[in-house]
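Residue numbers (the numbering used here): 2 to 144.
See structure below.
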């Protein structure tokens with residue numbers, strides 16, 4: 002998955018910039034760090050999580066785009082975050098490349114709003130990338 006340029010085109014991995022993986026071993030090491038699977042025959046279709054206590058991130062195998070998996074993952078993550086997060090701030094953040102319109106639209110679907118932009122925030126295999134910063138506040142129904 003991470004070896005596919007289309008999938009990782011706008012990826013800024015876990016707060017630091019990384020280029021596309023160049024070997025299966027590099028991808029395996031990355032996934033071993035990110036996941037724990039109890040079923041040896043399970044299929045990894047992507048990763049999603051909340052890092053640094055309040056920043057959401059996700060990436061999915063191209064084969065599974067447009068099938069609702071990212072929406073489902075974000076719904077579960079956000080519900081868990083809102084019910085378990087005791088932070089007084091009560092918000093979750095995201096950082097997206099402005100060219101990654103699908104990502105931004107998905108985040109907006111879940112109540113994220115743009116709060117800022119910055120130029121040349123991280124460097125990847127495609128050069129320097131800009132950032133769109135988004136935030137979502139805890140829904141009133143869960144307060």
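For each residue, glycine too, the CB sits at the ideal point set by N, CA and C.
Chain C within 7 Å of residue i, Cβ atoms only
i, result
"residue 47", "Going by chain labels, chain C is absent from the structure shown, which holds only one protein chain."
Contact check, residue i vs residue j, beta carbons under 7 Å
i, j, result
"residue 61", "residue 50", "no"
"residue 135", "residue 108", "yes"
"residue 137", "residue 77", "no"
"residue 57", "residue 95", "yes"
Residue i, enclosing beta strand (DSSP E) - first and last residue
i, result
"residue 134", "128–138"
Between the CA atoms of residue j and residue i - distance to the nearest angstrom
i, j, result
"residue 100", "residue 121", "13 Å"
"residue 140", "residue 27", "39 Å"
"residue 63", "residue 70", "11 Å"
"residue 74", "residue 59", "9 Å"
"residue 84", "residue 125", "35 Å"
"residue 119", "residue 33", "32 Å"
"residue 103", "residue 42", "30 Å"
"residue 44", "residue 23", "21 Å"
"residue 17", "residue 113", "With a pLDDT of 46 at residue 17, under the threshold of 50, the modelled position of that residue is not reliable, and no figure is offered here."
"residue 86", "residue 29", "31 Å"
"residue 65", "residue 90", "34 Å"
"residue 116", "residue 105", "12 Å"
"residue 55", "residue 25", "30 Å"
"residue 129", "residue 67", "27 Å"
Bounding residues of the alpha helix (DSSP H) (the contiguous stretch that carries residue i)
i, result
"residue 45", "Here residue 45 belongs to no alpha helix (DSSP H), and DSSP marks it neither H nor E."
Inter-residue CB distance, residue i and residue j (contact presumed, cutoff 8 Å)
i, j, result
"residue 123", "residue 79", "Not really, about 24 Å apart at Cβ, beyond 8 Å."
"residue 98", "residue 131", "7 Å"
Inset, instruction - Kindly provide the ranges of any alpha helix (DSSP H) runs that are 4 or more residues long and lie completely inside the segment 44–132, ordered along the chain. - result: Here the runs fully enclosed are 70–85 and 102–110.
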